[in-house]
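Trainee: Starting off with a structure, shown below.
Numbering (the UniProt record's numbering), first residue to last: 1 to 1122.
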């Protein structure tokens, strides 16, 4: 069942009996509506169930003005609803709608005022009561007198149960109506119905008329009648029990309640007390109000009538403060439930707690202590109360002892249910006590043969004692031992078997006098009690208390441990001058403690208690005065300059938070103050004036204040001059003067003066203080100059003058620049050296058509020519040469030259500038044969190399014998990195003695001889493999083993061209394309390693083995797209 309520506030529906049934003022469909006033703010409405298929009803209660509209949605066909939170004096409009799908139709409508309905109902009831005595009319509790029903306590029904009635209940109700005599279950339009639905009426228990009269919980005529106010405010229910019960009301009086709400609390308490018989021999009521501290408003024995208690409630004054529920519950145990306060040993104990918030201390422990003593606790929460805490505090069962409402006005809804629950609990406890008592009704016999003698108390400690006694002549069935503190406390008892004549009492309070009684219990009598009194020993105190460490803000204490102590409580108190007394509390487990956060130069009184659980021993005390705040020590000065000084010291205590350094000049014109962290032991003072005496003081700052200062004095130095003067000649008639600024940040300006040694008029130049270089113009060549410089500082001081002498020189360029010895990749540059000492020459060159490809090399100062390598063939170059003198660089001289056009030889002839097959565009090339000295003029000087002339073409063929191992540094052949697009062109033949294992015809390695790029031949597999490292530095290999490739291994000359581009590789054999495969872009190939010919792949190192082979040509070409 889904019930939706759109209301201004949440309503707490207590299970109250039907008070009256009335008809309201007429309106549209008013004949279909029947209204029942349940309480001052709660109304039930019923109507005749409609016929047909409907989805449910919607009930709308709308005030004429002032309050928000309330609406209840019912999703069943139950023709009944209950609405609470209404004002008794306001006029409302009630509308009932029938819901059918998404449509709704007005079924009934009427207006009402609860107060008018209630008055009209009372008038009708009075007329019926006066005219009918047959017992057929309804009682005030809504039950028939003939049925002898008695109300029993039950848990309030849930909200949906209050608003709707289950179908099963309706069916049962209809079934019962069918069995009743005619007229007993029916009502006419002008007669209220006696029917109360199961969802509204309090659950009832039927008893026979022989055991209890009708309405047994109403007061009999002879008993005290309730006051008019109590009847007006609360329920008319009266509790008829006379059981001896002590009820303590514990009321929260904190600031969060407020005075207006406190009035509602007093009204609630009055209504709660009214139904009970209050007398000295029946129910006693005491009250304590609590906030920050509890206060007993009146004891249990203060009032002996209900009217007196109600008057005391009306006179209760609002306290105010914080919420300490745990402390208040302890107050109830220690103060309200003492015999002196009127508590009776044989009476049942009830505590009713009322609070509006969460406790600021632990309430559970104090509540558990009360519950362990058999005291039952009821917990009532209002508004912001912590329901979890209420459940911890209350006794079981929680459904009867825990109540919570959303606001103070709703407290009135709890009265009816709570008074019945209290009445029932009191009766139950009284019945159990009467049924379970084994001693109370037994007559006492004072015969000596039935009483024990000679009670002895021994083995007394701080927490226990041992009892022994002599048994009576007639052995008892049991012994009942009762003991409690003589100055007041909860009596405790132990029951022993009659054969036992000794007992050890434990968990006692130390240093406390106890009264002990031993009662023998027989089947029919109780013997005289044997009584004794003794005191437990005080708990062992700490011994040898002493001060082991003392500072300005701390005291370290130590003492000898007390045996059995669980921890120690240390109280430290003092009364500083002009301040209030204050005390700090520390708990420690070991026999020592550090008390910190103290004030300097203050006398403290320290008391140390040994704790044994919750008990404390007598204290051990001592007095001591903290030290004064310690100043820093060992003041010193270092890093002294003209404008600063480093001040150093040593901190006197780790408790220092900061240091304050103050300085003042002897003339008083320059003062300052610097704060540094407490962990620092030095600081630099700046800016200071040069050649000035300063008085410096340092004091330490603690949480408690500043220490006395430690002082000293120091005199600053003279301002420094510029240092490390350096003169550099520039082109033309100027030179550059450079210097090192020792204190650049303090210099305002540099003044420079220069003149010839012969005494010409000097020239001067001013330079800003943040500059350390200057250009001196208008100088003569081959002339001696004296250059001076000094500095002006911020404080107006002038430094000493620093001077340097310098002779100017001329810087002539090289002459007669020309180019010869042109090859496709190089030419030589010649020049005539100039006069003077030359450090080196700078040669800059670039293709005439590409100025951006400019490169620069250096040549020795003693040389007059240089060979430029790695040039592009048949290309015009511009060459610029300048001389670097010791005094600077000369002007430059330039010329142009052109490299030769390349010629590539083959067995079929020569092709100039490019290869004979369709090949990529050649951008540059490198002749490997020439690089390894395999030329006619040089081969004879290479070990393991032979040359054979090729008869028909005139070309030379070289034979590399086994293990010749030809190796060159890559940087000597390739000045720049191998381009990613290149072509390797090889003309060779394999010899009969060529090994059958793989070898590299040509390869590039790194400095550790690890292969980077090359071409391998494998005579065993008759395959050719190209390898390199791609852009990810991963080794990649591409192998070719086609039938045409196998020709290479048959002993004839073959031309092999491997053309590599960014994404593919092509193999040409004898000018014919054999295959094409994909490949990753070649990565950067280091030129720091080596180039090798014929190396066997399984070997490594400079002396590894090589294969015998006969190459005629080996060329690496820089190419475009292959």
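We put the beta carbon where it would ideally sit given N, CA and C, even for glycine.
Report the partner residues of residue 109 according to the DSSP bridge assignment.
Mentor: Residue numbering aside, residue 109 sits at position 109 when the chain shown is read from its first letter. Answer is 95.
Trainee: Cutting at 6 angstroms between CB atoms, please list the residues of its own chain near residue 574, excluding the five before and the five after it.
Mentor: Here residue 574 refers to the residue found at position 574 of the chain shown. Counting only Cβ-Cβ distances below 6 angstroms, and skipping sequence neighbours, we find 602 and 604.
Trainee: Along the chain, where does the alpha helix (DSSP H) that runs through residue 358 open and close?
Mentor: By 1-based counting over the chain shown, the position of residue 358 is 358. Note, residue 358: premise wrong, no alpha helix (DSSP H); not H, not E.
Trainee: So what's residue 839 in DSSP terms, helix, strand or just coil?
Mentor: Here residue 839 corresponds to residue number 839 of the chain shown, with the count starting at 1. Note: residue 839 maps to strand in three-state DSSP.
Trainee: Quick one: Cα of residue 665 to Cα of residue 609, how far?
Mentor: The residue given as residue 665 occupies position 665 in the chain shown. The residue given as residue 609 occupies position 609 in the chain shown. Rounded to whole angstroms, residue 665 to residue 609 spans 57 angstroms at the Cα level.
Trainee: Cα separation between residue 700 and residue 552?
Mentor: On the chain shown, residue 700 is found 700 positions in, with the first residue counted as 1. On the chain shown, residue 552 is found 552 positions in, with the first residue counted as 1. Cα to Cα, residue 700 sits roughly 12 angstroms from residue 552.
Trainee: Give the DSSP bridge partners of residue 558, in chain order.
Mentor: Residue mapping note: residue 558 aligns to position 558 of the chain shown, counting from 1. 546 and 592, per the DSSP bridge assignment.
Trainee: In the DSSP assignment, what residue or residues form a beta bridge with residue 677?
Mentor: Against the chain shown, residue 677 aligns to sequence position 677. For residue 677, which the question treats as bridged, DSSP gives the partners 658.
Trainee: Excluding the 5 residues preceding and the 5 following residue 993 in the sequence, name in chain order all residues of the same chain whose CB lies nearer than 8 angstroms to its CB.
Mentor: Counting from 1 along the chain shown, the entry for residue 993 is found at position 993. Hits under 8 angstroms: 962 and 1108.
Trainee: When the Cα atoms are used, what is the spatial distance from residue 334 to residue 476?
Mentor: Numbered from 1 along the chain shown, position 334 holds the residue referred to as residue 334. Numbered from 1 along the chain shown, position 476 holds the residue referred to as residue 476. Residue 334 and residue 476: Cα-Cα distance of roughly 35 angstroms.
Trainee: Please report the residue range of the beta strand (DSSP E) in which residue 805 lies.
Mentor: Residue numbering aside, residue 805 sits at position 805 when the chain shown is read from its first letter. Unbroken beta strand (DSSP E) run through residue 805: 802-807.
Trainee: Please identify the residue among 1067, 1089 and 1088 whose C-alpha is closest to the C-alpha of residue 1079.
Mentor: Locating residue 1079 in the chain shown gives position 1079, counting from the first residue. For the residues 1067, 1089 and 1088, the minimum Cα distance to residue 1079 belongs to 1067.
Trainee: Using the Cβ count rule (16 or more neighbours within 10 Å means buried), how would you classify residue 429?
Mentor: Mapped onto the chain shown, residue 429 falls at position 429. By the neighbour-count rule (16 or more Cβ atoms within 10 Å), residue 429 is buried.
Trainee: Let's see if you can read the secondary structure: which residues bound the alpha helix (DSSP H) around residue 391?
Mentor: Against the chain shown, residue 391 aligns to sequence position 391. Looking at the DSSP string, the run of the alpha helix (DSSP H) that includes residue 391 is 387-393.
Trainee: Touching or not, the region 451-461 and the region 524-542, by the rule of three or more beta carbon pairs under 8 angstroms?
Mentor: Yes: at least three Cβ pairs fall under 8 angstroms.
Trainee: Since residue 1058 contacts residue 1015 with CB under 8 angstroms, what's their CB separation in whole angstroms?
Mentor: The sequence position of residue 1058 within the chain shown is 1058, counting from 1. The sequence position of residue 1015 within the chain shown is 1015, counting from 1. About 6 angstroms; that satisfies the 8 angstroms criterion.
Trainee: Going by DSSP, what residues sit across from residue 431 in a beta bridge?
Mentor: Taking the chain shown and counting its residues from 1, the one referred to as residue 431 is at position 431. Looking at the DSSP assignment, residue 431 forms no beta bridge with any residue, so it has no partner.
Trainee: Considering only their Cβ atoms, is the gap separating residue 716 from residue 642 smaller than 8 angstroms?
Mentor: Within the chain shown, numbered from 1, the residue matching residue 642 stands at position 642. Within the chain shown, numbered from 1, the residue matching residue 716 stands at position 716. Yes, they are a contact pair.
Trainee: Are residue 248 and residue 332 closer than 8 angstroms when you measure CB to CB?
Mentor: Position 248 of the chain shown, counted from the start, is the residue given in the question as residue 248. Position 332 of the chain shown, counted from the start, is the residue given in the question as residue 332. Yes, these two residues count as a Cβ contact at 8 angstroms.
Trainee: Using the Cα positions of residue 707 and residue 587, report the straight-line distance between them to the nearest angstrom.
Mentor: Walking along the chain shown from the start, residue 707 turns up at place 707. Walking along the chain shown from the start, residue 587 turns up at place 587. Spanning the two alpha carbons is a distance of roughly 31 angstroms.
Trainee: Return the residue from the list 791, 991, 998 and 931 that minimises the CA-CA distance to residue 966.
Mentor: Mapped onto the chain shown, residue 966 falls at position 966. The shortest Cα separation from residue 966 among 791, 991, 998 and 931 belongs to 931.
Trainee: Starting from the C-beta of residue 1113, find all residues in its chain whose C-beta is less than 6 angstroms away, skip the five residues before and the five after it, and write them out in chain order.
Mentor: Locating residue 1113 in the chain shown gives position 1113, counting from the first residue. Counting only Cβ-Cβ distances below 6 angstroms, and skipping sequence neighbours, we find 987.
Trainee: Which same chain residues, not among the five before or five after residue 426, have their C-beta less than 7 angstroms away from its C-beta?
Mentor: In the chain shown, residue 426 corresponds to position 426, counting from 1. Counting only Cβ-Cβ distances below 7 angstroms, and skipping sequence neighbours, we find 241, 243, 245 and 348.
Trainee: Using only alpha-carbon positions, find the residue among 409, 828, 361 and 401 that is nearest to residue 383.
Mentor: Residue mapping note: residue 383 aligns to position 383 of the chain shown, counting from 1. Taking only the C-alpha atoms, the option nearest residue 383 is 409.
Trainee: With DSSP as the reference, please indicate the residues paired to residue 496 in a beta bridge.
Mentor: Residue mapping note: residue 496 aligns to position 496 of the chain shown, counting from 1. 479, per the DSSP bridge assignment.
Trainee: Under DSSP, the beta strand (DSSP E) around residue 821 begins and ends at which residues?
Mentor: Here residue 821 refers to the residue found at position 821 when the chain shown is read from its first residue. Per DSSP, residue 821 belongs to the beta strand (DSSP E) from 815-823.
Trainee: Starting from the C-beta of residue 94, find all residues in its chain whose C-beta is less than 6 angstroms away, skip the five residues before and the five after it, and write them out in chain order.
Mentor: Residue numbering aside, residue 94 sits at position 94 when the chain shown is read from its first letter. So the qualifying residues of the chain are 61 and 110.
Trainee: So, do the region 1075-1090 and the region 1000-1010 have three or more beta carbon pairs nearer to each other than 8 angstroms?
Mentor: The region 1075-1090 vs the region 1000-1010: in contact.
Trainee: Can you list, in chain order, the residues of its chain whose CB lies under 7 angstroms from that of residue 364, leaving out five sequence neighbours each side?
Mentor: Indexing the chain shown from 1 puts residue 364 at position 364. Counting only Cβ-Cβ distances below 7 angstroms, and skipping sequence neighbours, we find 392 and 393.
Trainee: Put residue 296 into one of helix, strand or coil per three-state DSSP.
Mentor: Residue numbering aside, residue 296 sits at position 296 when the chain shown is read from its first letter. In this structure, residue 296 counts as strand in the three-state DSSP scheme.
Trainee: Name the DSSP beta bridge partners of residue 987, please?
Mentor: Within the chain shown, residue 987 is the residue found at index 987, counting from 1. 1055 and 1113, per the DSSP bridge assignment.
Trainee: Taking C-beta to C-beta, are residue 326 and residue 359 nearer than 8 angstroms?
Mentor: Looking up residue 326 in the chain shown gives position 326. Looking up residue 359 in the chain shown gives position 359. In contact: residue 326 and residue 359 (Cβ atoms closer than 8 angstroms).
Trainee: Counting only the same chain and skipping the five closest in sequence on each side, list residues whose C-beta sits under 8 angstroms from that of residue 502.
Mentor: The sequence position of residue 502 within the chain shown is 502, counting from 1. Same-chain partners within the cutoff: 466, 467, 468 and 469.
Trainee: Find the nearest neighbour of residue 119 within the set 37, 56 and 97, judged by alpha-carbon distance.
Mentor: The sequence position of residue 119 within the chain shown is 119, counting from 1. Checked all of 37, 56 and 97; the closest Cα to residue 119 is 37.
Trainee: Less than 8 angstroms separating the beta-carbons of residue 681 and residue 674?
Mentor: Stepping through the chain shown from its first residue, residue 681 is reached at position 681. Stepping through the chain shown from its first residue, residue 674 is reached at position 674. Not closer than 8 angstroms, so no.
Trainee: Out of 1106, 239, 812 and 697, which has the shortest C-alpha to C-alpha gap to residue 998?
Mentor: Taking the first residue of the chain shown as 1, we reach residue 998 at position 998. If we check each option's Cα against that of residue 998, 1106 comes out closest.
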